[in-house]
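Undergrad:
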Amino acid sequence: MPEGPSLIILKELTTDFIHKKVVAAGGNSKIDKVRLVGQSIKSLRTWGKHFLIEFSGFSIKIHLLMFGTYLINDTKDATPRLSLEFSHKQSLNFYACSVKYIEGELDDAYDWSSDVMSDQWNPAAALKKIRSQPEMLLCDGLLDQEIFSGVGNIIKNEVLYRVRVHPLSTVEGLPAAKLREVVAQARRYSFEFLEWEKAFVLKQHWLAHTKSTCPRCHIPFKKAYLGKTHRRSFYCENCQKKYLK
Ligand SMILES: [Zn+2]
Numbered sequence: 018m019p020e021g022p023s024l025i026i027l028k029e030l031t032t033d034f035i036h037k038k039v040v041a042a043g044g045n046s047k048i049d050k051v052r053l054v055g056q057s058i059k060s061l062r063t064w065g066k067h068f069l070i071e072f073s074g075f076s077i078k079i080h081l082l083m084f085g086t087y088l089i090n091d092t093k094d095a096t097p098r099l100s101l102e103f104s105h106k107q108s109l110n111f112y113a114c115s116v117k118y119i120e121g122e123l124d125d126a127y128d129w130s131s132d133v134m135s136d137q138w139n140p141a142a143a144l145k146k147i148r149s150q151p152e153m154l155l156c157d158g159l160l161d162q163e164i165f166s167g168v169g170n171i172i173k174n175e176v177l178y179r180v181r182v183h184p185l186s187t188v189e190g191l192p193a194a195k196l197r198e199v200v201a202q203a204r205r206y207s208f209e210f211l212e213w214e215k216a217f218v219l220k221q222h223w224l225a226h227t228k229s230t231c232p233r234c235h236i237p238f239k240k241a242y243l244g245k246t247h248r249r250s251f252y253c254e255n256c257q258k259k260y261l262k
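Positions 18 to 262 (this note's numbering) are the ones given, in order, by the sequence shown.
1) Please determine, among G244, F217, Y178 and V200, the residue with the shortest C-alpha to C-alpha distance to P232.
2) Is any heavy atom in ligand 1 found nearer than 7 Å to the beta carbon of R233?
3) Our contact map puts T187 next to Y260 with C-beta atoms below 8 Å; I'd like the distance itself, whole angstroms only.
4) Check for me: the beta strand (DSSP E) holding A241 runs from which residue to which?
5) Provide the residue span of the beta strand (DSSP E) that contains E212, from first to last.
6) Less than 8 Å between the beta carbons of I172 and S207, yes or no?
7) Just confirm the distance between the C-beta atoms of C156 and S250, as a whole number of angstroms; I'd bet it's less than 8 Å.
8) At which residues does the beta strand (DSSP E) containing I119 begin and terminate?
9) Note down, in chain order, each residue of its chain lying with its Cβ closer than 6 Å to the Cβ of F34, except the 5 sequence neighbours on either side.
10) Hey, could you find the ends of the alpha helix (DSSP H) N170 is sitting in?
11) When you compare only the Cα positions, how much space is there between L88 and L109?
12) I need the DSSP call for F34, collapsed to helix, strand or coil.
Listed below in structure tokens is the structure:
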């Protein structure tokens, strides 16, 4: 599943499409595609795991979900959910994803300060939001898109390993400095993720996610589907401390 940094890569790959006019729109998504024809792209943005194609007065939100993919100026042997065609045979094609309209101004549609990749990211606001849910487990808190938009399961596992926090720790159990460290690393790790993914070396930097042995303790990692989110966690019972109130 693509996490926030992967969407930044998509945004950078599609910069050429800004100001281009849609000449045809297709795909099996049920949205009104006729509306798009003749419209020019105003901007391409991301919010967490959402890829946003902004037109005048409305936008399209693409969520790649678990298995979504895209092709730029190319197609494959599958029906896209949405395909946008431009002059000179250029096209954007999105597969196995969710496609929805957002009406009105995009700036009003999202809390941009919760996006870990955004220039408007606000760590103090994230701290305040996470503290408002004292009993929440850290493995759920990091995946909360209202707090850490863009953080997915890989970033969750790697950040918790990096800061030596057990995924079943609670927000209220964590010392204040440790919670600030979690918030800071959620952003820092996401930017490292971006650089590694661009260089095609992301997986070799994983220390915990999908791994079987703790590189610090040389003992087996635990693997479990934890929390309300029930997502795979990889963690070390020895060096990741369980903070409880
Ligand atoms: Zn360990």
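Glycine included, each C-beta is placed from N, C-alpha and C at the ideal position.
Predicted, not measured: the structure shown is a model, and the values here were computed from it.
TA: Inspection of the coordinates gives the following:
1) If you number the sequence shown from 1, residue 232 lands on position 215. Considering only alpha carbons, the answer is Y178.
2) Translated into the one-based positions of the sequence shown, residue 233 becomes position 216. Yes.
3) Locating residue 187 in the sequence shown gives position 170, counting from the first residue. Locating residue 260 in the sequence shown gives position 243, counting from the first residue. Indeed, because the Cβ distance is near 7 Å, the residues count as touching under 8 Å.
4) Translated into positions along the sequence shown, residue 241 becomes position 224. Taken as a continuous stretch (DSSP letters only), the beta strand (DSSP E) holding A241 covers K239 to L243.
5) Counting from one through the sequence shown, the residue named residue 212 turns up at place 195. Here E212 belongs to no beta strand (DSSP E); instead the alpha helix (DSSP H) covers A193 to K215.
6) Here residue 172 refers to the residue found at position 155 of the sequence shown. Here residue 207 refers to the residue found at position 190 of the sequence shown. Their beta carbons are under 8 Å apart, which means I172 touches S207 by this criterion.
7) The residue given as residue 156 occupies position 139 in the sequence shown. The residue given as residue 250 occupies position 233 in the sequence shown. The Cβ separation is near 5 Å, so the contact holds.
8) On the sequence shown, residue 119 is found 102 positions in, with the first residue counted as 1. S115 to E120 is the extent of the beta strand (DSSP E) around I119.
9) Here residue 34 refers to the residue found at position 17 of the sequence shown. Taken in chain order, the residues that qualify are I58.
10) For the purposes of this step, residue 170 is identified with residue 153 of the sequence shown, where counting begins at 1. Its alpha helix (DSSP H) spans residues N170 to R179.
11) Translated into the one-based positions of the sequence shown, residue 88 becomes position 71. Translated into the one-based positions of the sequence shown, residue 109 becomes position 92. Their Cα atoms are separated by approximately 6 Å.
12) If you number the sequence shown from 1, residue 34 lands on position 17. In this structure, F34 counts as helix in the three-state DSSP scheme.
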